[in-house]
Amino acid sequence: MSKLVSELDAYLRRLFPINRSITGNGNRDTLRILREIVPLTIHEVPTGTRVFDWTIPDEWNIRDGWIATPDGRRIVDFSACNLHVASYSEPVRGTFRWGELQPHLHVHPELPEAVPYRTFYYRRTWGFCLTRVQYRELEHLGGPFEVAIESELKPGSLTYGELLIPGESAREILLSCYICHPSMANDSLSGVLLTTFLARDLLRRGRLHNSYRIAFVPETIGAIAYCALNEQAMRRIDTGLVITTVGGPGRFGYKQSFNSGHAINRLIEEVFEERGVRDYVTYPFDVHGSDERQYSSIGFRINTATITRDKYYEYPYYHTSLDNLDFVSAGQIAETFELYRGLIDKLERERRYINLHPNCEVMLSKHDLYPKTGGGQVPKPNDVGRLDCVLWLLFHCDGTKSLADIAKSTGIPVDSMREAATILESKGILKAV
Ligand code: ZN
Numbered sequence: 027m028s029k030l031v032s033e034l035d036a037y038l039r040r041l042f043p044i045n046r047s048i049t050g051n052g053n054r055d056t057l058r059i060l061r062e063i064v065p066l067t068i069h070e071v072p073t074g075t076r077v078f079d080w081t082i083p084d085e086w087n088i089r090d091g092w093i094a095t096p097d098g099r100r101i102v103d104f105s106a107c108n109l110h111v112a113s114y115s116e117p118v119r120g121t122f123r124w125g126e127l128q129p130h131l132h133v134h135p136e137l138p139e140a141v142p143y144r145t146f147y148y149r150r151t152w153g154f155c156l157t158r159v160q161y162r163e164l165e166h167l168g169g170p171f172e173v174a175i176e177s178e179l180k181p182g183s184l185t186y187g188e189l190l191i192p193g194e195s196a197r198e199i200l201l202s203c204y205i206c207h208p209s210m211a212n213d214s215l216s217g218v219l220l221t222t223f224l225a226r227d228l229l230r231r232g233r234l235h236n237s238y239r240i241a242f243v244p245e246t247i248g249a250i251a252y253c254a255l256n257e258q259a260m261r262r263i264d265t266g267l268v269i270t271t272v273g274g275p276g277r278f279g280y281k282q283s284f285n286s287g288h289a290i291n292r293l294i295e296e297v298f299e300e301r302g303v304r305d306y307v308t309y310p311f312d313v314h315g316s317d318e319r320q321y322s323s324i325g326f327r328i329n330t331a332t333i334t335r336d337k338y339y340e341y342p343y344y345h346t347s348l349d350n351l352d353f354v355s356a357g358q359i360a361e362t363f364e365l366y367r368g369l370i371d372k373l374e375r376e377r378r379y380i381n382l383h384p385n386c387e388v389m390l391s392k393h394d395l396y397p398k399t400g401g402g403q404v405p406k407p408n409d410v411g412r413l414d415c416v417l418w419l420l421f422h423c424d425g426t427k428s429l430a431d432i433a434k435s436t437g438i439p440v441d442s443m444r445e446a447a448t449i450l451e452s453k454g455i456l457k458a459v
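Using our numbering, read the sequence shown as starting at 27 and increasing by one per residue.
This is how it looks when you write it as C-alpha cells:
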C-alpha cells in the first residue's frame, strides 16, 4: 500500500461515520479534520443571510433517532446508520400506529437491502429511511411504536472551507467539492478527500503558474453562498473542476463543461489517452448534476468539468447506505487522484495570450514581422512559416484560447506557436494572460 493510499484509507475511515448535512456540527468536524492535511480557512455564514435568491436556513443538528417496539427494541436506529433519519428532520417524540408512521417511511425503489438517502432541507417535516426488511417488520408488527428524533433546528450558520493558493499568474482555477453528505463514500466523501490531497499536492509543488481557489462547500446552497460572497473573484474565473464520485470500482468518465470546445475538456481527454484510460465515458454537459450548475450559470459562466469514477446518478448504490467502504476504496480514489494530478500538470503548462492590438492587424513590417519585399506571399498549407504563426496568433489571442488550442485548430505545431508568441510578447503585441 503506497503512503498516499494508506493516508486516504485512514481519513476515509475517520470521516465516513460523521453525520453531515448542508449545515451543522458534522461539517465543522469534517473541515477541522481536513485541516490536519491542508491549512484551509473555515467560514460561517449566519442563518438568514441572503445569497442571491436563497436564504441560509436554520442550522440542523441531531443527537439520535429511532423507531422502537413498546418493549424498547429499536428496529430503526440512527446510531447504527445516520441515513436512517432523513436530513433536516424536525424533532419528534411520541407513540405512533402503523398507519400514522407509514407516510414518514422511505425505502429504496429497487434495492431491498439499501437504506436510501433522503433530505427535507426546505420543508418542515420528518422521516425515516429504512430497508425493506425493516419496513416489512414494522408493517407486520403494526404498532404502536415509540418514535423519537432528537434533532434541533435553530438559527446558526452554514459552514464552508476555503483555501487560496497563489501562483505566479493571476489566473485562478476553481476546485470545488461538496461536504454535505452523511455516511456515503463515493458521493461525496471520495471527492472531498481527493480535493484535499490535491490541494496538499499543489502546496508541495512550490512554484505554481496558476492560482487555485479551492472551495469545500455544502452542495447547491453552499456553492451559491460562495458565489455570492466572492462574486467579483468568481466572475473572473474561466476554468473549474467539481470533484465528486471519484472512488467507485467502475469506469472512469468525465462530465464536460458547458462549452464542449473549451480547453478543459480537451486536456482531460489528453490525460485519459496518455495514461491508457481507453474506455472512459463522456458525459456531455447537462443542467442536472452538481455545483457546476451554479458555477456555469449566466452570471459566472465558469467552464466546470468533473473527472469521475462511478459518476453520481449512474451507479446502483447512488444515494444509499450501500455506497460504503466496501464499494469505495482508497486505492480506487488514488487512481483517480493521479488523473487529476495529470490534469493539473497540463493546466500549469497551459499558456494564453491576449492581443493588445485587437483593432485590425498591427503594421507587421513596422515590427519586423513581414518579409522585406511584399507581393510574393502565396499561402501554402504544407509550408507553414513564421508569418502564418503570427497571423493566426493575432487572429485567435483573445485571452480565452491556449496556445495548444490554437495549435490544434490550425494544425500548426505548438512549438512553432510558442516561438512566435514569445517574439510577439517581446514586441509588446501579445500579453500573457
Ligand atoms: Zn449526492
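By construction, the Cβ of each residue, glycine as well, lies at the ideal position given by its N, Cα and C atoms.
Heavy atom of the ligand ZN within 8 Å of residue i beta-carbon
| i | result |
| --- | --- |
| residue 213 | yes |
| residue 235 | no |
| residue 338 | yes |
| residue 345 | yes |
| residue 245 | yes |
| residue 207 | yes |
Identity of the residue in the options nearest residue i by Cα
| i | options | result |
| --- | --- | --- |
| residue 118 | 135, 178 and 335 | 178 |
| residue 458 | 433, 262 and 424 | 424 |
| residue 392 | 325, 32, 450 and 230 | 450 |
| residue 376 | 359, 66, 230 and 440 | 440 |
| residue 211 | 337, 28 and 370 | 337 |
| residue 65 | 230, 305, 291 and 402 | 230 |
| residue 414 | 368, 43 and 438 | 438 |
| residue 321 | 184, 137 and 247 | 247 |
| residue 417 | 384, 236, 204 and 244 | 384 |
| residue 41 | 400, 332 and 56 | 56 |
| residue 318 | 356, 367 and 243 | 243 |
| residue 256 | 241, 268 and 340 | 241 |
| residue 292 | 330, 272 and 275 | 330 |
| residue 148 | 116, 126 and 166 | 116 |
| residue 271 | 355, 180, 427 and 27 | 355 |
| residue 180 | 28, 367, 323 and 49 | 49 |
Extent of the continuous alpha helix (DSSP H) to which residue i belongs
| i | result |
| --- | --- |
| residue 436 | 429-436 |
| residue 51 | 51-60 |
| residue 412 | 412-422 |
Residues near residue i by beta carbon distance below 6 Å, same chain, minus five either side
| i | result |
| --- | --- |
| residue 124 | 168 and 169 |
| residue 77 | 250, 251 and 254 |
| residue 308 | none |
| residue 90 | 104 and 176 |
| residue 228 | 191 and 238 |
| residue 262 | none |
| residue 343 | 349 and 353 |
| residue 80 | 247 and 250 |
| residue 143 | 109 and 345 |
Beta-carbon proximity list for residue i, same chain, < 8 Å, skipping 5 on both sides
| i | result |
| --- | --- |
| residue 419 | 379, 381, 432, 443, 446, 447, 450 and 456 |
| residue 54 | 68 and 185 |
| residue 401 | none |
Cα-Cα separation between residue i and residue j, rounded to whole angstroms
| i | j | result |
| --- | --- | --- |
| residue 404 | residue 412 | 14 Å |
| residue 372 | residue 86 | 41 Å |
| residue 195 | residue 453 | 20 Å |
| residue 71 | residue 133 | 34 Å |
| residue 209 | residue 410 | 58 Å |
| residue 218 | residue 264 | 22 Å |
| residue 130 | residue 153 | 5 Å |
| residue 141 | residue 122 | 21 Å |
| residue 481 | residue 216 | Only positions 27 to 459 of the chain appear in this structure, which leaves residue 481 out of reach. |
| residue 236 | residue 364 | 19 Å |
| residue 499 | residue 96 | As displayed, the chain neither begins before 27 nor continues past 459, which places residue 499 out of reach and without an answer. |
| residue 288 | residue 313 | 17 Å |
| residue 399 | residue 389 | 14 Å |
| residue 83 | residue 183 | 8 Å |
| residue 296 | residue 266 | 17 Å |
| residue 214 | residue 163 | 31 Å |
| residue 225 | residue 429 | 26 Å |
| residue 326 | residue 39 | 36 Å |
| residue 201 | residue 47 | 20 Å |
| residue 3 | residue 234 | As displayed, the chain neither begins before 27 nor continues past 459, which places residue 3 out of reach and without an answer. |
Bounding residues of the beta strand (DSSP E) (the contiguous stretch that carries residue i)
| i | result |
| --- | --- |
| residue 266 | 265-268 |
| residue 324 | Premise fails: residue 324 is in no beta strand (DSSP E) and is neither H nor E. |
| residue 89 | 85-94 |
| residue 278 | 278-281 |
| residue 122 | 118-122 |
| residue 456 | 456-458 |
| residue 107 | Neither: residue 107 is in no beta strand (DSSP E) and is coded neither H nor E. |
Short CB-CB distance (under 9 Å) between residue i and chain D
| i | result |
| --- | --- |
| residue 38 | The chain inventory of the structure shown lacks chain D, comprising one protein chain alone. |
Spatial neighbours of residue i in its chain, beta-carbon cut-off 7 Å, leaving aside the 5 residues before and after
| i | result |
| --- | --- |
| residue 102 | 92, 93, 110, 154, 156 and 160 |
| residue 45 | 52, 88, 108 and 208 |
| residue 305 | 277 |
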